[in-house]
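Everything below concerns the one structure shown next.
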Amino acid sequence: MADEELHENDSKDQKDWQDEGVNDTKSADTAADTATDKVADEDETYGVDMDQVQAVLNATADKATLTPQMQRMMNRQAENTKRVEETIKGTKSNPRWFVPVFCAFMIIGLIWCVVYYLSPSGAWPIPNIGAWNLAIGFALIMIGFLMTMGWR
1 MADEELHEND
11 SKDQKDWQDE
21 GVNDTKSADT
31 AADTATDKVA
41 DEDETYGVDM
51 DQVQAVLNAT
61 ADKATLTPQM
71 QRMMNRQAEN
81 TKRVEETIKG
91 TKSNPRWFVP
101 VFCAFMIIGL
111 IWCVVYYLSP
121 SGAWPIPNIG
131 AWNLAIGFAL
141 IMIGFLMTMG
151 WR
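UniProt numbering puts the sequence shown at residues 1 to 152.
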(Lines of atoms letter the chains of each structure in order from A and count residues from 1; the text may use other names and numbers.)
(Lines give C-alpha, C1' and ligand atoms only; values in the text may rest on other atoms or scores of the structure.)
Protein backbone atom coordinates (compact mmCIF):
# COMPACT_ATOMS: atom_id res chain seq x y z
CA MET A 1 0.00 0.00 0.00
CA ALA A 2 2.69 2.50 1.04
CA ASP A 3 4.76 1.38 -1.92
CA GLU A 4 1.90 2.15 -4.31
CA GLU A 5 1.41 5.61 -2.80
CA LEU A 6 5.11 6.34 -3.17
CA HIS A 7 5.08 5.43 -6.85
CA GLU A 8 1.90 7.37 -7.51
CA ASN A 9 3.30 10.52 -5.89
CA ASP A 10 6.59 10.24 -7.76
CA SER A 11 4.90 9.88 -11.14
CA LYS A 12 2.64 12.86 -10.46
CA ASP A 13 5.52 15.11 -9.42
CA GLN A 14 7.77 14.24 -12.34
CA LYS A 15 8.23 16.78 -15.11
CA ASP A 16 8.18 16.12 -18.79
CA TRP A 17 11.63 17.42 -19.80
CA GLN A 18 11.03 17.01 -23.53
CA ASP A 19 8.09 19.42 -23.51
CA GLU A 20 10.16 22.07 -21.73
CA GLY A 21 12.75 22.03 -24.54
CA VAL A 22 10.24 23.80 -26.78
CA ASN A 23 10.09 26.87 -24.54
CA ASP A 24 13.87 27.46 -24.25
CA THR A 25 13.68 31.24 -24.70
CA LYS A 26 11.37 31.66 -21.72
CA SER A 27 13.36 29.23 -19.61
CA ALA A 28 16.66 31.03 -20.35
CA ASP A 29 15.25 34.29 -18.98
CA THR A 30 13.82 32.61 -15.92
CA ALA A 31 17.08 30.69 -15.38
CA ALA A 32 19.04 33.93 -15.15
CA ASP A 33 16.53 35.33 -12.66
CA THR A 34 16.64 32.11 -10.67
CA ALA A 35 20.46 32.18 -10.54
CA THR A 36 20.41 35.76 -9.24
CA ASP A 37 17.81 34.84 -6.63
CA LYS A 38 19.85 31.79 -5.64
CA VAL A 39 22.98 33.90 -5.02
CA ALA A 40 20.95 36.34 -2.94
CA ASP A 41 19.48 33.43 -0.97
CA GLU A 42 22.97 32.06 -0.31
CA ASP A 43 24.09 35.46 0.96
CA GLU A 44 21.14 35.51 3.34
CA THR A 45 21.81 31.93 4.43
CA TYR A 46 25.37 32.65 5.49
CA GLY A 47 24.60 36.13 6.78
CA VAL A 48 27.49 37.65 4.80
CA ASP A 49 27.28 39.72 1.68
CA MET A 50 29.54 38.23 -0.99
CA ASP A 51 30.51 41.70 -2.17
CA GLN A 52 31.89 42.34 1.31
CA VAL A 53 33.86 39.09 1.24
CA GLN A 54 35.34 40.00 -2.12
CA ALA A 55 36.26 43.46 -0.82
CA VAL A 56 37.99 41.89 2.20
CA LEU A 57 39.94 39.54 -0.03
CA ASN A 58 41.00 42.46 -2.21
CA ALA A 59 41.79 44.54 0.92
CA THR A 60 39.56 47.38 -0.26
CA ALA A 61 36.82 47.08 2.36
CA ASP A 62 35.74 49.78 4.77
CA LYS A 63 36.80 48.35 8.15
CA ALA A 64 34.10 50.25 10.04
CA THR A 65 31.30 48.33 8.30
CA LEU A 66 32.82 44.85 8.68
CA THR A 67 31.99 42.25 11.27
CA PRO A 68 34.71 41.46 13.85
CA GLN A 69 35.29 38.07 12.22
CA MET A 70 35.89 39.67 8.83
CA GLN A 71 38.20 42.27 10.41
CA ARG A 72 40.26 39.46 11.99
CA MET A 73 40.37 37.68 8.64
CA MET A 74 41.53 40.85 6.92
CA ASN A 75 44.23 41.48 9.56
CA ARG A 76 45.43 37.90 9.30
CA GLN A 77 45.65 38.18 5.53
CA ALA A 78 47.64 41.42 5.81
CA GLU A 79 50.05 39.79 8.30
CA ASN A 80 50.55 36.79 6.02
CA THR A 81 51.23 39.03 3.04
CA LYS A 82 53.74 41.07 5.04
CA ARG A 83 55.49 37.92 6.30
CA VAL A 84 55.81 36.51 2.79
CA GLU A 85 57.18 39.79 1.43
CA GLU A 86 59.78 39.96 4.23
CA THR A 87 60.83 36.38 3.56
CA ILE A 88 61.24 37.06 -0.14
CA LYS A 89 63.31 40.18 0.55
CA GLY A 90 65.56 38.27 2.96
CA THR A 91 66.46 35.45 0.60
CA LYS A 92 69.75 35.57 -1.22
CA SER A 93 70.50 33.80 -4.44
CA ASN A 94 73.67 32.66 -6.11
CA PRO A 95 75.07 34.28 -9.24
CA ARG A 96 74.16 32.67 -12.54
CA TRP A 97 77.59 31.09 -13.02
CA PHE A 98 77.50 29.14 -9.74
CA VAL A 99 75.58 26.03 -10.83
CA PRO A 100 77.47 25.51 -14.11
CA VAL A 101 80.81 25.86 -12.28
CA PHE A 102 80.09 23.24 -9.61
CA CYS A 103 78.62 20.89 -12.21
CA ALA A 104 81.73 21.39 -14.34
CA PHE A 105 84.02 20.58 -11.38
CA MET A 106 82.18 17.32 -10.73
CA ILE A 107 82.12 16.29 -14.40
CA ILE A 108 85.78 17.18 -15.01
CA GLY A 109 86.79 15.24 -11.88
CA LEU A 110 84.82 12.22 -13.04
CA ILE A 111 86.33 12.39 -16.53
CA TRP A 112 89.82 12.78 -14.96
CA CYS A 113 89.36 9.56 -12.94
CA VAL A 114 87.90 7.62 -15.89
CA VAL A 115 90.76 8.69 -18.20
CA TYR A 116 93.30 7.58 -15.56
CA TYR A 117 91.68 4.15 -15.25
CA LEU A 118 91.34 3.64 -19.01
CA SER A 119 94.84 4.80 -19.94
CA PRO A 120 97.52 2.12 -20.34
CA SER A 121 99.41 1.77 -17.05
CA GLY A 122 97.93 5.08 -15.75
CA ALA A 123 99.95 7.30 -18.08
CA TRP A 124 97.24 9.93 -18.61
CA PRO A 125 96.03 12.66 -17.84
CA ILE A 126 99.33 13.71 -16.25
CA PRO A 127 102.16 11.25 -16.93
CA ASN A 128 104.66 10.15 -14.27
CA ILE A 129 102.55 11.02 -11.18
CA GLY A 130 100.76 7.68 -11.08
CA ALA A 131 97.92 7.36 -8.55
CA TRP A 132 98.02 11.09 -7.77
CA ASN A 133 95.85 11.45 -10.86
CA LEU A 134 93.06 9.80 -8.84
CA ALA A 135 93.65 12.25 -5.99
CA ILE A 136 93.34 15.18 -8.42
CA GLY A 137 90.12 13.74 -9.90
CA PHE A 138 88.56 13.14 -6.48
CA ALA A 139 89.64 16.62 -5.32
CA LEU A 140 87.82 18.17 -8.30
CA ILE A 141 84.72 16.12 -7.51
CA MET A 142 84.85 17.14 -3.84
CA ILE A 143 85.19 20.83 -4.76
CA GLY A 144 82.00 20.47 -6.82
CA PHE A 145 80.15 18.74 -3.98
CA LEU A 146 81.32 21.32 -1.45
CA MET A 147 80.03 24.06 -3.72
CA THR A 148 76.60 22.41 -3.74
CA MET A 149 76.32 23.08 -0.02
CA GLY A 150 76.40 26.81 -0.68
CA TRP A 151 73.76 26.63 -3.40
CA ARG A 152 70.58 28.65 -2.70
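Every residue, glycine too, gets a C-beta built ideally from N, C-alpha and C.
Everything numeric in this text was worked out from a predicted model, so none of it was measured.
- When the beta-carbon positions are compared, Phe-98 and Gly-144 stay at least 7 Å from each other.
- Ranking Ile-88, Met-147, Asn-133 by CA distance to the CA of Ile-111 puts Asn-133 first.
- Of all C-beta pairs linking the segment 74–87 to the segment 122–130, fewer than three are shorter than 8 Å, placing the two stretches out of contact.
- The Cβ neighbour count for Gly-137, taken over all protein chains shown within 10 Å, is at least 16; the residue is labelled buried.
- Counting only the Cα atoms, Asp-62 lies some 43 Å from Asn-94.
- Counting only the Cα atoms, Met-142 lies some 26 Å from Thr-91.
- The distance from the Cβ of Leu-140 to that of Ile-108 is about 5 Å, consistent with a contact at the 8 Å cut-off.
- Bounds of any alpha helix (DSSP H) do not take in Ala-123, whose DSSP letter is neither H nor E.
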